[in-house]
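Scroll down for the structure; my scribbles are underneath it.
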Ligand SMILES: *Cc1c(COP(=O)(O)O)cnc(C)c1O
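Residue numbers (the numbering used here): 21 to 414.
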């Protein structure tokens with residue numbers, strides 16, 4: 021008898037999602053949604069409590085120093101909730117942007133009327149500790165800094181440890197959008213000091229979409245009472261209600277929470293953050309080596325490549341069209357992701373979700389077939405793309 025497939029295909033005819041969430045989830049995660057829960061019932065309240073305790077532990081945080089508050093909505097709702105709650109109305113935020121998610125944080129601050137200054141590094145150049153330090157020295161009004169852990173629009177893993185050092189050496193507070201990294205990239209809040217971290221259900225924990233969570237330093241959250249501009253996005257109010265009654269303030273996504281608990285169980289069974297990160301890193305390594313062998317080039321040098329999602333330049337060959345490549349890959353069972361660079365054409369392939377090295381080998385082989393079918397002789401990018409990349413090396 022043959023061994024069972026260690027990572028079975030998502031379901032009959034269902035393509036793999038090579039995207040940074042929603043992503044391909046385990047069958048048991050989907051199955052966990054086949055039951056209804058009363059949001060007021062003690063069983064569901066216990067599920068919420070267990071989930072929050074596990075998330076604080078995943079952040080490496082002592083339960084007495086940090087608390088986890090889940091919030092309904094997609095990740096962006098939770099980023100906005102974190103900013104609106106943790107930053108006082110007379111506070112000022114330094115936003116470190118090198119892609120769409122950093123810029124979105126700045127836009128949220130504009131909407132909610134919080135003063136901010138933006139360091140915009142363009143499509144992917146990383147914000148470094150020394151420039152953060154210089155910006156803070158130059159503007160004593162800045163109270164908080166927001167950094168993006170993995171900037172999913174390019175796939176760069178930003179240097180949050182050196183940013184944290186620069187921020188705390190100057191007595192300011194750090195908020196981290198670890199949406200696409202939490203659960204797979206170590207973010208031990210006792211080593212990388214920060215006041216709050218935000219992530220969501222449908223990224224590296226491999227749940228389905230529907231809520232996110234803020235893991236905040238207890239004293240900071242206590243001090244945040246009355247800061248928020250919004251009723252439903254008030255993390256402090258949600259926390260107070262949860263402590264008092266064990267309930268979410270407004271209708272929770274019950275099925276999504278049940279699925280998330282199963283996803284957390286699988287995460288633990290796999291070996292936690294280190295093992296999840298190691299599987300994703302192997303996925304990335306197999307993908308990058310295979311694609312490079314076909315002539316593709318990555319936007320980033322190896323030291324900046326996250327184990328989450330990888331940006332590749334589109335080939336210079338005039339026979340290559342991303343729309344066609346997308347359709348041909350989809351026909352082979354793989355949903356890829358368009359690029360988000362403003363200067364050169366690119367596409368992205370995610371390596372998170374229920375995927376392993378064997379799946380990534382099949383992705384590379386599918387890409388090779390697609391190139392042949394399009395009549396693309398070489399996957400090499402245009403010289404302009406390589407010139408762009410040389411900026412990072414300079
Ligand atoms: C996914 C993601 C978000 C949230 O996006 P939503 O579409 O609102 O879920 C925020 N920041 C980063 C870095 C992300 O990867």
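Each residue gets a CB set at the ideal place from its N, CA and C atoms; glycine is no exception.
Query	Result
Just to check, is the beta-carbon of residue 171 closer than 7 Å to a non-hydrogen atom of ligand 1?	yes
Would you mind sorting residue 257 into buried or exposed? The rule is 16 or more other CB atoms within 10 Å of its CB.	buried
Does the beta-carbon distance from residue 326 to residue 123 come in below 8 Å?	no
Under the criterion of a Cβ to heavy atom distance below 7 Å, does residue 99 qualify as lining ligand 1?	yes
Who does residue 325 pair with in a DSSP beta bridge?	176
Let me make sure I understand the geometry here. Which of 103, 346, 144 and 368 has the alpha-carbon closest to that of residue 194?	103
Would you mind stating whether residue 95 and residue 232 have Cβ atoms separated by less than 8 Å?	yes
Just checking residue 197 against ligand 1 - is the residue's beta carbon closer than 7 Å to any of the ligand's heavy atoms?	yes
Beta carbon of residue 168: closer than 7 Å to some heavy atom of ligand 1?	yes
Counting C-beta neighbours from all protein chains within 10 Å, is the total for residue 263 16 or more, i.e. buried, or is it exposed?	exposed
Where do the ends of the alpha helix (DSSP H) carrying residue 150 lie?	149-158
Mind checking residue 222: buried by the 16 CB within 10 Å criterion, or exposed?	buried
Could you tell me if residue 22 is buried or exposed, where buried requires 16 or more neighbouring beta carbons within 10 angstroms of its beta carbon?	Low confidence applies here, because residue 22 scores a pLDDT of 44, under 50, leaving its location unreliable and the question unanswered by this model.
By how many angstroms is the C-alpha of residue 43 removed from the C-alpha of residue 53?	16 Å
Out of curiosity, what's the CA-to-CA distance linking residue 274 and residue 228?	12 Å
Please report the residue range of the alpha helix (DSSP H) in which residue 351 lies.	342-351
Sort 375, 245, 59 and 139 by Cα distance to residue 307 and report the nearest one.	375
Give me the Cα-Cα distance between residue 341 and residue 365, rounded to the nearest whole angstrom.	10 Å
Should residue 48 be counted as a contact of ligand 1 given a C-beta to heavy atom distance under 7 Å?	no
Which runs of the alpha helix (DSSP H) at least 4 residues long sit entirely within the segment 37-110? Give them in chain order.	47-51, 62-78 and 95-106
I'd like to confirm the pairing. Which residues does DSSP put opposite residue 205 in its beta bridges?	202
Count the other CB atoms, across all protein chains shown, that sit within 10 Å of the CB of residue 363; report buried if there are 16 or more and exposed otherwise.	exposed
Can you tell me whether residue 20 is buried or exposed, with buried defined as 16 or more other CB within 10 angstroms of its CB?	In the structure as shown, the chain starts at 21 and stops at 414, and residue 20 therefore has no counterpart that could be examined.
Between residue 204 and the rest of its own chain, which residues show a CB-CB distance below 6 Å, the 5 nearest in sequence each way excluded?	224, 296, 297 and 300
What three-state label does DSSP hand residue 360 in the structure shown?	coil
DSSP on residue 390, reduced to helix/strand/coil?	helix
Going straight from the alpha carbon of residue 216 to that of residue 184, what length do you get?	12 Å
Specify the secondary structure class of residue 275 as computed by DSSP and reduced to three states.	helix
Do you know how far the Cα of residue 404 is from the Cα of residue 345?	21 Å
Is the beta carbon of residue 121 sitting closer than 8 Å to the one on residue 171?	yes
In this structure, does DSSP put residue 255 in helix, strand or coil?	helix
Thinking C-alpha only, which one of 361, 369, 84 and 129 is nearest residue 144?	361
Helix, strand or coil: how does DSSP classify residue 264 here?	helix
Check whether the segment 302-316 touches the segment 377-387, counting contact only when three or more Cβ pairs, one atom from each stretch, lie closer than 8 Å.	yes
Within 10 Å of its beta-carbon, does residue 210 have 16 or more other beta-carbons around it, so buried, or fewer, so exposed?	exposed
If we call anything under 8 Å between Cβ atoms a contact, is residue 164 one with residue 107?	yes
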